[in-house]
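*Asks:* Quick note, the sequence shown lines up with residues 27 to 676 if you use my numbering. All C-beta atoms, glycine included, are put in the ideal place defined by N, C-alpha and C. Bear in mind that the values here come from a model prediction, so they are computed numbers and not experimental data.
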Amino acid sequence: IHNTANTEYDLINTNVQHYATMPLNYLGYSAEYLDARRPLPAEQLTGRYAGIVVWLDQATGREGAALRAWLTQQRKVGVPIVILGDGAFLFESVDAEQFGLKYSKSANGRMRLHVEQRDALLGFEVQPALDRAAFFPLRARDANVLLTLANELNETQDAIALTAWGGYALNPHVLVELPSMLDNGKAGNTSRNLRWVINPIEFLRRALQLPEMPVPDVTTESGRRMLMVHMDGDGFANKGEFSGSPYGAEVLLDQILKKYPLPMTMSVIQGEIATNGLYPAQSAALEGIAREIFALPHVEIASHSFSHPFQWRKAVANPDEEGYRLKLKNYDFDLRQEITGSINYIETRLAPPGKKVKVFLWTGDCNVGSDAMGIAAQAGVASMNGGETTITRSFPTLTLVAPLGVSKDRQFQVYAPNQNENVYTNDWQGPFYGYERVIETFEMTGTPYRLKPVDIYFHTYSASKPASLKALDRVFKWALAQPLTPVHISDYVRQVQDFNHLVVARSRDGWLVRGDGNLRELRAPLSLGQPVIEAGSAVVGFNRSENRQYLHLGDSEASIRFAPAATSAPYLVSANARIAHASSGETADGNTLNLALSGQVPLQFDLSMGARCSVHADDRAIRADSIRNGISHFSTRTHVIDELRIHCPR
Numbered sequence: 027i028h029n030t031a032n033t034e035y036d037l038i039n040t041n042v043q044h045y046a047t048m049p050l051n052y053l054g055y056s057a058e059y060l061d062a063r064r065p066l067p068a069e070q071l072t073g074r075y076a077g078i079v080v081w082l083d084q085a086t087g088r089e090g091a092a093l094r095a096w097l098t099q100q101r102k103v104g105v106p107i108v109i110l111g112d113g114a115f116l117f118e119s120v121d122a123e124q125f126g127l128k129y130s131k132s133a134n135g136r137m138r139l140h141v142e143q144r145d146a147l148l149g150f151e152v153q154p155a156l157d158r159a160a161f162f163p164l165r166a167r168d169a170n171v172l173l174t175l176a177n178e179l180n181e182t183q184d185a186i187a188l189t190a191w192g193g194y195a196l197n198p199h200v201l202v203e204l205p206s207m208l209d210n211g212k213a214g215n216t217s218r219n220l221r222w223v224i225n226p227i228e229f230l231r232r233a234l235q236l237p238e239m240p241v242p243d244v245t246t247e248s249g250r251r252m253l254m255v256h257m258d259g260d261g262f263a264n265k266g267e268f269s270g271s272p273y274g275a276e277v278l279l280d281q282i283l284k285k286y287p288l289p290m291t292m293s294v295i296q297g298e299i300a301t302n303g304l305y306p307a308q309s310a311a312l313e314g315i316a317r318e319i320f321a322l323p324h325v326e327i328a329s330h331s332f333s334h335p336f337q338w339r340k341a342v343a344n345p346d347e348e349g350y351r352l353k354l355k356n357y358d359f360d361l362r363q364e365i366t367g368s369i370n371y372i373e374t375r376l377a378p379p380g381k382k383v384k385v386f387l388w389t390g391d392c393n394v395g396s397d398a399m400g401i402a403a404q405a406g407v408a409s410m411n412g413g414e415t416t417i418t419r420s421f422p423t424l425t426l427v428a429p430l431g432v433s434k435d436r437q438f439q440v441y442a443p444n445q446n447e448n449v450y451t452n453d454w455q456g457p458f459y460g461y462e463r464v465i466e467t468f469e470m471t472g473t474p475y476r477l478k479p480v481d482i483y484f485h486t487y488s489a490s491k492p493a494s495l496k497a498l499d500r501v502f503k504w505a506l507a508q509p510l511t512p513v514h515i516s517d518y519v520r521q522v523q524d525f526n527h528l529v530v531a532r533s534r535d536g537w538l539v540r541g542d543g544n545l546r547e548l549r550a551p552l553s554l555g556q557p558v559i560e561a562g563s564a565v566v567g568f569n570r571s572e573n574r575q576y577l578h579l580g581d582s583e584a585s586i587r588f589a590p591a592a593t594s595a596p597y598l599v600s601a602n603a604r605i606a607h608a609s610s611g612e613t614a615d616g617n618t619l620n621l622a623l624s625g626q627v628p629l630q631f632d633l634s635m636g637a638r639c640s641v642h643a644d645d646r647a648i649r650a651d652s653i654r655n656g657i658s659h660f661s662t663r664t665h666v667i668d669e670l671r672i673h674c675p676r
């Protein structure tokens with residue numbers, strides 16, 4: 027719940043969307059946003075929602091009383107509530123007592139403070155700030171208090187607490203802003219200087235009283251972290267700083283796209299390369315390069331719009347003003363021309379026969395409206411971009427890890443997992459080798475929490491300079507050295523959309539899962555035990571990583587049980603491919619696991635099975651390349667196995 031977003035374009039600036047949603051996504055939950063200034067839902071929330079997170083961006087006005095009354099009703103029916111930041115609307119009211127809170131005014135707000143009590147959950151990225159101006163006496167009755175401050179009069183403030191109804195963390199003990207930093211001579215922006223006092227993932231898990239359970243995970247496919255590649259078409263017409271001054275797009279084609287036959291999603295801007303664009307004299311050459319790129323079998327085709335809107339909101343509101351997009355002759359901004367029109371241009375002028383545009387990549391500020399997302403959906407393409415995940419060792423904070431996306435009206439904008447070289451090169455001012463630092467982002471979003479897949483995301487102009495091209499090549503080499511599962515952007519977008527609808531419910535002895543089939547990976551804590559591999563469950567394997575395990579499903583519906591003892595049935599540990607379908611069973615002569623693997627690169631997969639087990643790939647017996655710690659490692663030259671049969675006799 028927020029109280030500042032006046033339109034759907036403003037949601038990305040709210041604390042609850044920008045900072046609280048990512049931890050909730052990691053915990054397996056999607057977010058719906060409500061404005062406290064508008065009527066709040068009257069229907070029953072229990073059974074439909076895991077809880078309520080209130081993080082207001084400004085002091086409440088008249089909406090404070092209505093919000094307070096609504097939360098009081100939700101508390102009575104048992105919906106967990108978390109209040110972050112400013113809780114004055116509740117704490118300073120007569121209703122505070124119903125929440126077990128006692129507020130009073132301080133006798134002297136200028137007295138020195140000290141920490142009387144603190145929990146190990148605090149100091150996650152920065153220690154609590156002792157701000158005299160923010161201090162007021164507050165006691166939480168029958169609560170697990172995580173931080174208590176006291177002044178020289180022995181007045182105390184329970185600043186962070188877990189309670190029977192949920193929990194709260196007061197300002198300034200949620201986020202602390204560090205003194206302004208410099209990064210390569212540029213003043214750091216505010217968001218890069220914010221640090222979490224609490225561990226947001228663990229605090230929200232405990233405050234919302236979330237059960238230990240398997241949750242959907244969109245970072246991983248078949249037990250391996252996913253790898254994606256996508257390119258925004260900016261700079262397609264740029265000449266490269268190489269002998270002969272070739273187009274950067276041509277350099278990219280020869281030195282990256284042909285060199286690394288990974289699934290890639292490549293785009294162009296119609297207004298940059300078409301005859302009615304910025305460079306009509308160069309159009310024939312540019313379109314020729316685009317055709318070569320789109321003809322590559324591992325390339326998925328995307329549009330990056332007609333006029334590359336810089337600010338979508340302003341471009342929509344001011345269609346005849348050129349300052350919010352590329353300056354194209356005789357063109358007034360039109361959403362359908364940007365999306366549907368550019369898709370039609372690519373499919374009729376650039377794509378090989380029968381090959382369709384699969385993705386629309388948002389441009390500029392990527393803050394698009396639900397109307398634009400709806401047009402992309404009607405066109406039958408996935409859409410993605412935005413998000414600003416830029417965590418690095420220079421700025422090591424989860425405040426710089428974006429959520430999966432943002433819901434606007436009935437549409438959901440999927441964010442890019444991480445950002446492109448423009449961020450790492452200071453808006454293309456240098457150093458031009460800066461994109462190699464995205465490897466830090468990949469590493470820091472992979473452990474200790476696996477928050478994002480790996481996405482090699484760049485612009486065409488990355489191939490126009492030797493330093494940036496070398497950095498891009500180094501990033502590809504790093505990715506190929508990791509145990510990853512390559513997928514297309516459209517695959518990832520469908521998984522995120524499935525995440526928002528997938529259901530995990532309790533059964534008599536475990537969990538039932540139902541989705542649309544695009545998302546086939548769940549994450550569960552080791553404390554639940556080991557997944558049971560059995561006929562009819564649709565669980566075909568799992569892979570343990572640190573203190574969690576990734577479960578692979580062979581169908582859109584699954585029944586999951588856990589057991590303390592290790593399974594004797596064979597199972598898939600991991601693969602660099604998607605499980606197209608699967609079945610397992612136990613017969614009189616032993617256990618059998620049947621899989622169909624569909625990959626984008628030569629297959630690699632790991633199996634857990636006994637020494638007497640046999641493996642057949644499409645009726646041909648195959649042997650493991652190696653066996654380590656009871657795991658058999660296989661590799662093939664093919665991208666697909668229609669029937670992988672593992673049989674383990676009794």
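Please classify Asn41 as buried or exposed, where buried requires at least 16 other C-beta atoms within 10 Å of its C-beta.
*Replies:* By the neighbour-count criterion, in which a residue is buried when 16 or more other Cβ atoms sit within 10 angstroms of its Cβ, Asn41 is buried.
*Asks:* Looking only at its own chain, which residues have a Cβ that is under 7 angstroms from the Cβ of Asp243, when we skip the five neighbours before and after it?
*Replies:* Glu547, Leu548, Arg549, Tyr576
*Asks:* Is Ile319 helix, strand or coil when you go by DSSP?
*Replies:* helix
*Asks:* If you draw a straight line from the C-alpha of Asp453 to the C-alpha of Tyr55, how long is it?
*Replies:* 34 angstroms
*Asks:* Measure the Cβ-Cβ separation of Ile365 and Ala328 and say whether it is below 8 angstroms.
*Replies:* no
*Asks:* Answer with buried or exposed for Ser293, where buried requires no fewer than 16 other C-beta atoms within 10 angstroms of its C-beta.
*Replies:* Flag for Ser293 reads buried.
*Asks:* Looking only at its own chain, which residues have a Cβ that is under 8 angstroms from the Cβ of Phe268, when we skip the five neighbours before and after it?
*Replies:* Val277, Pro492
*Asks:* DSSP has Val141 in a bridge; who is on the other side?
*Replies:* Leu175
*Asks:* So what does DSSP say about Ser494, is it helix, strand or coil?
*Replies:* Per DSSP, reduced to three states, the secondary structure at Ser494 is helical.
*Asks:* Look at Gly431 and Val522 and say whether their C-beta atoms are less than 8 angstroms apart.
*Replies:* yes
*Asks:* Determine the contact status of Leu552 and Arg570, defining contact as a CB-CB distance below 8 angstroms.
*Replies:* Yes. Within cutoff.
*Asks:* Just list the alpha helix (DSSP H) runs in the region 202 to 259, keeping only unbroken ones of 4 residues or longer that don't cross its boundaries, in chain order.
*Replies:* 226 to 233
*Asks:* Could you spell out the range, first to last residue, of the beta strand (DSSP E) harbouring Val701?
*Replies:* The structure shown does not extend to residue 701, since the chain spans only 27 to 676, so no value can be given for it.
*Asks:* Under a Cβ-count criterion, where at least 16 other Cβ atoms within 10 Å of its own Cβ denotes burial, should Pro49 be classed as buried or exposed?
*Replies:* buried
*Asks:* In whole angstroms, what separates the C-alpha of Leu208 from that of Tyr357?
*Replies:* In this prediction, Leu208 scores a pLDDT of 48, lower than 50, which makes its location untrustworthy; no coordinate-derived value is stated.
*Asks:* Among Ile657, Arg534, Ile515, Ser490, which one has its Cα closest to the Cα of Gly270?
*Replies:* Cα-wise, what sits closest to Gly270 is Ser490.
*Asks:* Opposite Tyr129 in the DSSP bridges: which residues?
*Replies:* According to DSSP, which records beta bridges pairwise, Tyr129 is partnered with Leu164.
*Asks:* For Asn215, count neighbouring Cβ atoms within 10 angstroms of its own Cβ and tell me buried if that reaches 16, exposed if not.
*Replies:* Any reading at Asn215 must be qualified, since the residue scores a pLDDT of 47, below 50, and its modelled position is unreliable; the value itself is stated next. Exposed.
*Asks:* Under a Cβ-count criterion, where at least 16 other Cβ atoms within 10 Å of its own Cβ denotes burial, should Lys434 be classed as buried or exposed?
*Replies:* buried
*Asks:* Determine the burial state of Ile38: buried for a count of at least 16 other Cβ atoms within 10 Å of its Cβ, exposed for fewer.
*Replies:* Per the 10 Å Cβ criterion, buried.
*Asks:* What does the alpha-carbon distance come out to for the pair Pro67 and Gly314?
*Replies:* 55 angstroms
*Asks:* What runs of the beta strand (DSSP E), each 3 residues or longer, lie entirely inside the region 290 to 358?
*Replies:* 290 to 294, 325 to 329
*Asks:* Which first and last residues belong to the alpha helix (DSSP H) in which Thr467 is found?
*Replies:* In the DSSP annotation of this structure, the continuous segment of the alpha helix (DSSP H) that includes Thr467 starts and ends at 464 to 470.
*Asks:* When DSSP labels each residue in this structure, what does Thr40 get in the three-state scheme?
*Replies:* coil
*Asks:* From which residue to which residue does the alpha helix (DSSP H) around Ile369 run?
*Replies:* 368 to 375
*Asks:* Does DSSP classify Ile27 as helix, strand or coil?
*Replies:* coil
*Asks:* In terms of residues, what are the limits of the alpha helix (DSSP H) holding Tyr450?
*Replies:* Looking at the DSSP string, the run of the alpha helix (DSSP H) that includes Tyr450 is 447 to 450.
*Asks:* Does DSSP put Gly625 in a helix, in a strand, or in coil?
*Replies:* Note: Gly625 maps to strand in three-state DSSP.
*Asks:* Near Pro512, what residues of its chain come up, given a Cβ to Cβ distance below 6 angstroms and the 5 sequence neighbours on each side ignored?
*Replies:* A distance below 6 angstroms between beta-carbons, with the five flanking residues on each side excluded, links Pro512 to the following residues of its chain, in chain order: Leu253, Leu288, Pro289, Gln626, Val627.
*Asks:* Taking only the alpha-carbon atoms, compute the straight-line gap between Gly90 and Thr98 and give it to the nearest angstrom.
*Replies:* 12 angstroms
*Asks:* Taking the beta strand (DSSP E) that Leu285 belongs to, which residues open and close that run?
*Replies:* Per the sequence shown, the amino acid found at residue 285 is Lys instead of Leu. Element bounds for Lys285: n/a, residue is neither H nor E.
*Asks:* Are Leu629 and Asn602 closer than 8 angstroms when you measure CB to CB?
*Replies:* Result yes, Cβ atoms of Leu629 and Asn602 sit closer than 8 angstroms.
*Asks:* Beta-carbon within less than 6 angstroms of Pro226's beta-carbon, same chain only, minus the 5 sequence neighbours each way: which residues are those?
*Replies:* Pro49
*Asks:* Kindly indicate which three-state DSSP category Val120 falls into: helix, strand or coil?
*Replies:* helix
*Asks:* Distance, Cα to Cα, Gly135 vs Thr389?
*Replies:* 48 angstroms
*Asks:* Alpha carbon to alpha carbon, how far is Ser585 from Ile299? Give it in angstroms, no decimals.
*Replies:* 51 angstroms
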